[in-house]
Amino acid sequence: MLHIGVGSKNPAKIEAVRSAFAEMGFEAEVIGLDVESQVSEQPFSDEETIQGAINRANNVMFAEKESHFFDYCIGLEGGVIESPFGMFLCNWGVVVDKEGNVGIGGGLRVQLPEEIANHLRMGKELGDIIDDFTGKHNVKKKEGTIGILTNQLITRKDMFRDVTISAFARFLNPQLYEEN
8 MLHIGVGSKN
18 PAKIEAVRSA
28 FAEMGFEAEV
38 IGLDVESQVS
48 EQPFSDEETI
58 QGAINRANNV
68 MFAEKESHFF
78 DYCIGLEGGV
88 IESPFGMFLC
98 NWGVVVDKEG
108 NVGIGGGLRV
118 QLPEEIANHL
128 RMGKELGDII
138 DDFTGKHNVK
148 KKEGTIGILT
158 NQLITRKDMF
168 RDVTISAFAR
178 FLNPQLYEEN
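If you number the sequence shown the way the working numbering does, the last residue is 187 and the count never jumps.
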């Protein structure tokens, strides 16, 4: 059985990792740790979002007591990016193994409604904005903005499951990632 540490206590992220490892055919115990991303509350670029995921994975790896226990440490981070075509959700995952090998994977993107994008540009955090728009509480710990925008056809769990699998690619096919 694999022991997996996730750099978040967010139920959507923990369940996404659990689902990803089951889908990849691994029996895994998944434990969430409350660690910092060390980036802004609302990452505003791919680079910042990736850095947040890296920081979360590393912070799990270096967490006192738990670090020796985990086969893989995972950081998942959601953010937004501006483009000439509008503002988009972005999401990234990082997997670090005991030897320090790092896998990085990104996920789908969806254009945000302009009204939500404008609130983000004013410095508000997406989780708070989507809660206000929907009248729900803690959407980011449940279906996520992606779930709201897609009528639950794709949820935050689904999005981060795919990100986890894509970040794990280097461990599924290590021979392809070996340096000669």
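Every residue, glycine too, gets a C-beta built ideally from N, C-alpha and C.
Would you identify the three-state DSSP class for residue i, choosing helix, strand or coil?
i: N98; result: strand
i: Q58; result: helix
i: E30; result: helix
i: V170; result: helix
i: I111; result: strand
i: V67; result: helix
i: E89; result: strand
i: E84; result: strand
i: N180; result: coil
i: P50; result: coil
Who pairs with residue i in a beta bridge, going by DSSP?
i: Y79; result: I11, D104
i: Q118; result: F95
i: V146; result: None, per the DSSP bridge assignment.
i: V37; result: I11
Spatial neighbours of residue i within its chain, please: C-beta separation below 6 Å, excluding the five flanking residues on both sides.
i: N98; result: G85, G114, M166, V170
i: K147; result: G134
i: R25; result: V37
i: F95; result: I88, R116, Q118
Sufficient close CB pairs (3 or more, under 8 Å) joining the region 158-174 to the region 121-128: no
Sufficient close CB pairs (3 or more, under 8 Å) joining the region 35-54 to the region 8-26: yes
Stretch pair the region 173-183 + the region 45-55: three plus CB contacts closer than 8 Å: no
Meets three-Cβ-pair contact criterion under 8 Å: the region 76-83 and the region 151-161: no
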